[in-house]
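Going by my numbering, the sequence shown runs without a break in its numbering and finishes at 615. Cβ coordinates follow ideal geometry from the N, Cα and C atoms, glycine included. First up is the structure itself, then whatever we jot down about it.
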Amino acid sequence: MITPAFDLSQEPDHLILSIRVPYTRTSDFDLYIDGTDLKFFAKPYFLRLTLPGRIIEDGREKAKFDIDKGLFTLWVPKETPGEHFEGLQMLTSLLAPKGSRSAKPLVEEVSTECSERVGDNEDEDEEDFDWQVEQEIYTEKSEEELRALQKYGFGNQRCGVFARLQKELSDVIDIKNPEGTSAAERRQARLEAEASAFSTDHYLADWFEDGEIKGLLKFRPWWTKLSPSSEQEGESAVPFTDDEKEQLRKFTNRSYLLDKASRYQAWLSLMDILLAYTYEVRSTEGEHNVETPWTIRKLSGTLCWLETYSSLQEVLVSFGRRVLCYPLYRHFSLVSLAIHDTAKILHSGKAGVLKCLLDIHRVFRENEPAYILNDLYITDYCIWIQRVKSKKVADLAATLEKATLQKTDLELEIDELEDAARIVAVEEEQQASKRAPVSSDDSSSSSDSSSTSSDSSSESSSESEESEAEEDCTESKEGGGGEMFKDNPPEPQPSASVSPTPQSPTSFSAEKRREDALPSASEGSRQLIQVLGERVAEELRISPDSSHKGARQPSSAATETEGTSGRSGGGTLLEPSPRRNPLLIVQTQQDPDALEGDSIS
Numbered sequence: 015m016i017t018p019a020f021d022l023s024q025e026p027d028h029l030i031l032s033i034r035v036p037y038t039r040t041s042d043f044d045l046y047i048d049g050t051d052l053k054f055f056a057k058p059y060f061l062r063l064t065l066p067g068r069i070i071e072d073g074r075e076k077a078k079f080d081i082d083k084g085l086f087t088l089w090v091p092k093e094t095p096g097e098h099f100e101g102l103q104m105l106t107s108l109l110a111p112k113g114s115r116s117a118k119p120l121v122e123e124v125s126t127e128c129s130e131r132v133g134d135n136e137d138e139d140e141e142d143f144d145w146q147v148e149q150e151i152y153t154e155k156s157e158e159e160l161r162a163l164q165k166y167g168f169g170n171q172r173c174g175v176f177a178r179l180q181k182e183l184s185d186v187i188d189i190k191n192p193e194g195t196s197a198a199e200r201r202q203a204r205l206e207a208e209a210s211a212f213s214t215d216h217y218l219a220d221w222f223e224d225g226e227i228k229g230l231l232k233f234r235p236w237w238t239k240l241s242p243s244s245e246q247e248g249e250s251a252v253p254f255t256d257d258e259k260e261q262l263r264k265f266t267n268r269s270y271l272l273d274k275a276s277r278y279q280a281w282l283s284l285m286d287i288l289l290a291y292t293y294e295v296r297s298t299e300g301e302h303n304v305e306t307p308w309t310i311r312k313l314s315g316t317l318c319w320l321e322t323y324s325s326l327q328e329v330l331v332s333f334g335r336r337v338l339c340y341p342l343y344r345h346f347s348l349v350s351l352a353i354h355d356t357a358k359i360l361h362s363g364k365a366g367v368l369k370c371l372l373d374i375h376r377v378f379r380e381n382e383p384a385y386i387l388n389d390l391y392i393t394d395y396c397i398w399i400q401r402v403k404s405k406k407v408a409d410l411a412a413t414l415e416k417a418t419l420q421k422t423d424l425e426l427e428i429d430e431l432e433d434a435a436r437i438v439a440v441e442e443e444q445q446a447s448k449r450a451p452v453s454s455d456d457s458s459s460s461s462d463s464s465s466t467s468s469d470s471s472s473e474s475s476s477e478s479e480e481s482e483a484e485e486d487c488t489e490s491k492e493g494g495g496g497e498m499f500k501d502n503p504p505e506p507q508p509s510a511s512v513s514p515t516p517q518s519p520t521s522f523s524a525e526k527r528r529e530d531a532l533p534s535a536s537e538g539s540r541q542l543i544q545v546l547g548e549r550v551a552e553e554l555r556i557s558p559d560s561s562h563k564g565a566r567q568p569s570s571a572a573t574e575t576e577g578t579s580g581r582s583g584g585g586t587l588l589e590p591s592p593r594r595n596p597l598l599i600v601q602t603q604q605d606p607d608a609l610e611g612d613s614i615s
């Protein structure tokens with residue numbers, strides 16, 4: 015038999031049942047209505063529903079069949095007109111056989127003696143209990159036996175699961191040995207791991223550069239767009255997709271026997287999972303990616319460390335610490351908004367919570383190692399939430415809205431870190447403001463120095479020209495220049511390599527100097543000057559050791575003179591002029607007697 019796809023809605027006086035039964039004949043329909051039971055048969059389809067209210071068969075029922083769509087629609091009158099049937103979207107619970115019970119999630123009882131709606135009354139379980147329990151003598155258990163009793167999963171009803179899944183263990187949870195680790199040891203290991211994973215650089219980077227964070231805070235997820243339900247006062251109309259309805263039909267219906275402490279832990283763990291889910295939806299702006307399974311289970315201490323909480327504040331602190339330690343966006347504003355989003359989902363009723371759980375179930379189902387968490391937690395939550403009272407969900411939402419979480423509660427020294435960062439930022443701004451005027455003063459001083467240097471260079475050039483003109487005039491007036499050179503040889507000038515401060519440069523051109531000196535000298539002096547000029551010309555060479563600051567490269571003529579000179583010692587040295595003249599004469603010491611002998615010969 016095939017369970018068909020179906021959907022339920024209601025009017026004030028009728029219950030509307032839509033069943034998709036393609037490829038069937040209209041003559042084969044069979045319908046059974048009795049109180050809370052409704053059975054439909056059309057070969058090869060069979061549907062049995064246990065309704066939350068009573069219906070009757072009094073002639074007001076009607077049906078319609080769309081052959082093209084294969085859709086059968088049935089209107090069944092309510093026994094009490096105007097009565098509201100709660101939980102018509104909880105398809106898994108509607109498929110439960112009447113009076114079914116289970117002592118454990120994986121064990122079903124075949125007895126049908128229990129009450130009709132056990133799921134609705136399990137929070138106030140008033141079943142008869144045999145107080146005359148069998149007594150046993152107390153024997154103290156060894157540490158090995160106590161460790162063997164460690165449990166986890168929904169309602170702490172599972173154990174030994176990871177002993178068979180050692181390869182997948184590290185990809186699903188962070189705890190190394192869940193079977194032999196107590197709840198207190200898990201918590202201590204979790205806190206130590208969070209403390210070592212917290213990065214001050216990452217947190218401050220998101221705190222200062224919060225452009226993307228502000229964009230995420232403005233995002234509106236699907237639960238902010240829900241409209242109030244017309245069927246259930248105080249709840250929202252939550253639509254389910256066809257895939258989600260199909261998944262609800264696939265769940266095996268079961269009920270859970272949880273004591274008060276286990277139920278309380280189940281609610282807190284559900285809160286922890288929803289907080290992780292709301293953060294992930296907002297951080298990805300509603301578009302799941304390959305990191306979605308990792309993000310949800312990493313932010314949930316329940317899924318990642320098999321944590322069991324004892325108070326709502328513990329849940330909020332654990333979630334806040336993990337948000338600031340692990341995901342891409344680590345900002346306290348995202349923690350606060352995730353808490354607000356979770357309260358909004360809880361206010362939408364069981365349907366809103368169920369839709370979130372179905373989305374998580376689909377994400378984990380499509381991820382290879384994370385599917386184990388569906389078996390441990392999510393599948394049971396999807397079934398269990400359909401059977402709880404809506405009042406419990408509303409009370410939890412109100413409690414969450416009143417809860418507060420401060421940065422100091424996280425014990426990560428967030429306030430001190432932010433204060434230190436503010437002080438450093440202010441100091442850097444002050445130093446930057448001080449450096450700005452100094453830089454402008456330096457540039458103006460450099461400009462003044464440059465102009466002063468330029469003026470000094472111009473004045474020096476002018477003085478050099480005047481000095482050269484005076485020397486030319488002096489040489490042209492002295493008729494016995496040769497006698498003076500013979501008796502008083504010129505003093506040697508310091509080489510440019512010896513003194514870094516050059517003397518006033520003197521222009522040299524042999525041909526021009528001879529032409530200027532010859533008209534004003536006697537015949538003998540003219541001959542002596544000519545001989546000396548030729549000798550000086552032979553002794554000229556360019557100094558290779560010249561290091562005069564600002565000197566130019568030698569001209570091509572000077573290079574040819576250096577190449578043709580056959581002597582390398584004791585002659586007149588030439589080096590590039592730093593200003594306007596191409597060459598600078600540097601004279602060296604010569605023997606006066608040798609000079610006189612050369613003149614006589």
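Nearest-angstrom Cα separation, counted from V252 out to R336
By one-based count along the sequence shown, residue 336 stands at place 322. By one-based count along the sequence shown, residue 252 stands at place 238. Cα to Cα, R336 sits roughly 30 Å from V252.
Whole angstroms are fine: how far does the CA of S107 sit from the CA of R62?
Within the sequence shown, numbered from 1, the residue matching residue 62 stands at position 48. Within the sequence shown, numbered from 1, the residue matching residue 107 stands at position 93. In a straight line, the C-alpha of R62 is about 11 Å away from that of S107.
If W237 sits next to D355, beta carbons under 8 Å apart, how far is it from one beta carbon to the other, in whole angstroms?
For the purposes of this step, residue 237 is taken as residue 223 along the sequence shown, with counting starting at 1. For the purposes of this step, residue 355 is taken as residue 341 along the sequence shown, with counting starting at 1. Indeed, because the Cβ distance is near 7 Å, the residues count as touching under 8 Å.
Endpoints, alpha helix (DSSP H) assigned at P8:
Here the chain comprises residues numbered 15 to 615, so residue 8 is not present and cannot be evaluated.
State the Cα-Cα distance for the pair D21 and Y278, rounded to the nearest angstrom.
Here residue 21 refers to the residue found at position 7 when the sequence shown is read from its first residue. Here residue 278 refers to the residue found at position 264 when the sequence shown is read from its first residue. C-alpha separation (whole angstroms): 32 Å.
Here's a check: name, in chain order, each residue in its chain whose Cβ is nearer than 6 Å to the Cβ of Y340, leaving out the five neighbours to either side.
Taking the sequence shown and counting its residues from 1, the one referred to as residue 340 is at position 326. Within the same chain, Y340 has close Cβ partners K312.
Answer yes or no: do I392 and L360 have a C-beta to C-beta separation smaller than 8 Å?
Residue mapping note: residue 392 aligns to position 378 of the sequence shown, counting from 1. Residue mapping note: residue 360 aligns to position 346 of the sequence shown, counting from 1. No. Outside cutoff.
Let me check understanding here. Comparing Cα to Cα, which of S404, D185, L351 and P192 lies closest to A177?
For the purposes of this step, residue 177 is identified with residue 163 of the sequence shown, where counting begins at 1. The candidate whose alpha carbon is nearest that of A177 is P192.
Taking the alpha-carbon of P58 as reference, which of V349, F168, S213 and A19 has the nearest alpha-carbon?
Here residue 58 is taken as the residue at index 44 of the sequence shown, counted from 1. That would be A19, whose Cα lies nearest to the Cα of P58.
Residue from G167, T94, Q171 and Y385 with nearest C-alpha to P26
Counting from 1 along the sequence shown, the entry for residue 26 is found at position 12. Selected option, being the one with the closest Cα: T94.
In this structure, what does DSSP give as the bridge partners for W237?
As a working note, residue 237 is residue 223 in the sequence shown. Per DSSP, none; premise fails for W237.
Roughly how many whole angstroms lie between the Cα atoms of L105 and I399?
If you number the sequence shown from 1, residue 105 lands on position 91. If you number the sequence shown from 1, residue 399 lands on position 385. Rounded to the nearest angstrom, the two C-alpha atoms are 12 Å apart.
Counted within 10 angstroms of its Cβ, other Cβ atoms place N388 as buried (16 or more) or exposed
Position 374 of the sequence shown, counted from the first residue, corresponds to residue 388. Classification for N388: buried.
Below 8 Å on the Cβ atoms is my guess for S297 versus L342; work out the distance and round it to an integer in Å.
By one-based count along the sequence shown, residue 297 stands at place 283. By one-based count along the sequence shown, residue 342 stands at place 328. Indeed, because the Cβ distance is near 7 Å, the residues count as touching under 8 Å.
Extent of the continuous alpha helix (DSSP H) run through A198:
Stepping through the sequence shown from its first residue, residue 198 is reached at position 184. A198 -> alpha helix (DSSP H) spans A197 to A211.
Apart from the five residues just before and just after D188, which ones in its own chain have a Cβ nearer than 7 Å to its Cβ?
Indexing the sequence shown from 1 puts residue 188 at position 174. Around D188: A207, C318 and W319.
Look up F222 in the DSSP assignment and say whether it is helix, strand or coil.
Locating residue 222 in the sequence shown gives position 208, where the first residue counts as 1. If DSSP states are grouped into helix, strand and coil, F222 belongs with the helices.
Sort L431, S404, L419 and E97 by Cα distance to L29 and report the nearest one.
The sequence position of residue 29 within the sequence shown is 15, counting from 1. Nearest C-alpha to L29: E97.
Can you list, in chain order, the residues of its chain with a C-beta nearer than 8 Å to that of D137? Leave out the 5 residues immediately preceding and following it.
In the sequence shown, residue 137 corresponds to position 123, counting from 1. Because the pLDDT of D137 is 43, which lies under 50, any placement of that residue in the model is unreliable, and the number read from its coordinates should be weighed accordingly. Correct list, in chain order: R277, V402, K403 and K406.
Closer than 6 Å by C-beta to G133: which residues in its own chain qualify, once you throw out the five before and the five after it? Chain order, please.
Here residue 133 refers to the residue found at position 119 of the sequence shown. Because the pLDDT of G133 is 45, which lies under 50, any placement of that residue in the model is unreliable, and the question is left without a value.
Looking at the structure shown, is I399 part of a helix, part of a strand, or coil, going by DSSP?
Within the sequence shown, numbered from 1, the residue matching residue 399 stands at position 385. Three-state result, I399: coil.
Collapsed DSSP secondary structure at K264 in the structure displayed:
For the purposes of this step, residue 264 is taken as residue 250 along the sequence shown, with counting starting at 1. In this structure, K264 counts as helix in the three-state DSSP scheme.
Here's the rule: buried if 16 or more other CB atoms are within 10 angstroms of the residue's CB, otherwise exposed. What is Q202?
Here residue 202 corresponds to residue number 188 of the sequence shown, with the count starting at 1. Exposed.
Neighbourhood of F13 by C-beta, 8 Å cutoff - its chain only, sequence neighbours within 5 removed:
There is no way to answer for residue 13, as the model of the chain reaches only from 15 to 615.
Is DSSP giving L102 helix, strand or coil here?
Start at 1 with the first residue of the sequence shown, and residue 102 comes out as number 88. In this structure, L102 counts as coil in the three-state DSSP scheme.
Taking only three categories from DSSP, how would you classify E108?
Reading the sequence shown from its first residue, position 94 is the one you call residue 108. Checking the sequence shown, residue 108 turns out to be Leu, not Glu. Helix.
Excluding the 5 residues flanking Y385 on each side, which residues of the same chain have their C-beta closer than 7 Å to its C-beta?
Here the question's residue 385 lines up with position 371 in the sequence shown. Counting only Cβ-Cβ distances below 7 Å, and skipping sequence neighbours, we find F378 and R379.
N- and C-terminal bounds of the beta strand (DSSP E) containing R172:
Position 158 of the sequence shown, counted from the first residue, corresponds to residue 172. Looking at the DSSP string, R172 is not in any beta strand (DSSP E), and its letter there is neither H nor E.
Measuring straight from C-alpha to C-alpha, what distance separates F333 and D256?
Along the sequence shown, read from residue 1 onward, the residue named residue 333 stands at position 319. Along the sequence shown, read from residue 1 onward, the residue named residue 256 stands at position 242. Using only the alpha carbons, I get a separation of about 32 Å.
Please report how far the alpha carbon of S23 lies from the alpha carbon of L85, in whole angstroms.
Position 9 of the sequence shown holds residue 23. Position 71 of the sequence shown holds residue 85. Straight-line Cα distance between these residues: approximately 15 Å.
Is the beta carbon of L326 sitting closer than 8 Å to the one on L262?
Residue mapping note: residue 326 aligns to position 312 of the sequence shown, counting from 1. Residue mapping note: residue 262 aligns to position 248 of the sequence shown, counting from 1. For L326 and L262, no; Cβs fall outside 8 Å.
Endpoints, beta strand (DSSP E) assigned at S23:
Locating residue 23 in the sequence shown gives position 9, counting from the first residue. Per DSSP, S23 belongs to the beta strand (DSSP E) from A19 to Q24.
When DSSP labels each residue in this structure, what does R336 get in the three-state scheme?
In the sequence shown, the residue the question calls residue 336 occupies position 322. It is helical.
Under 8 Å: do the segment 272 to 292 and the segment 218 to 231 share three or more Cβ pairs, one atom per stretch?
no
By the three-class DSSP mapping on this structure, what secondary structure does P36 have?
Within the sequence shown, residue 36 is the residue found at index 22, counting from 1. Coil.
Run through DSSP, which three-state label would S478 get?
In the sequence shown, the residue the question calls residue 478 occupies position 464. Note that S478 scores 49 on pLDDT, short of 50, meaning its location in the model is unreliable; the coordinates nonetheless yield the value given after this. S478: helix per DSSP, three-state reduction.
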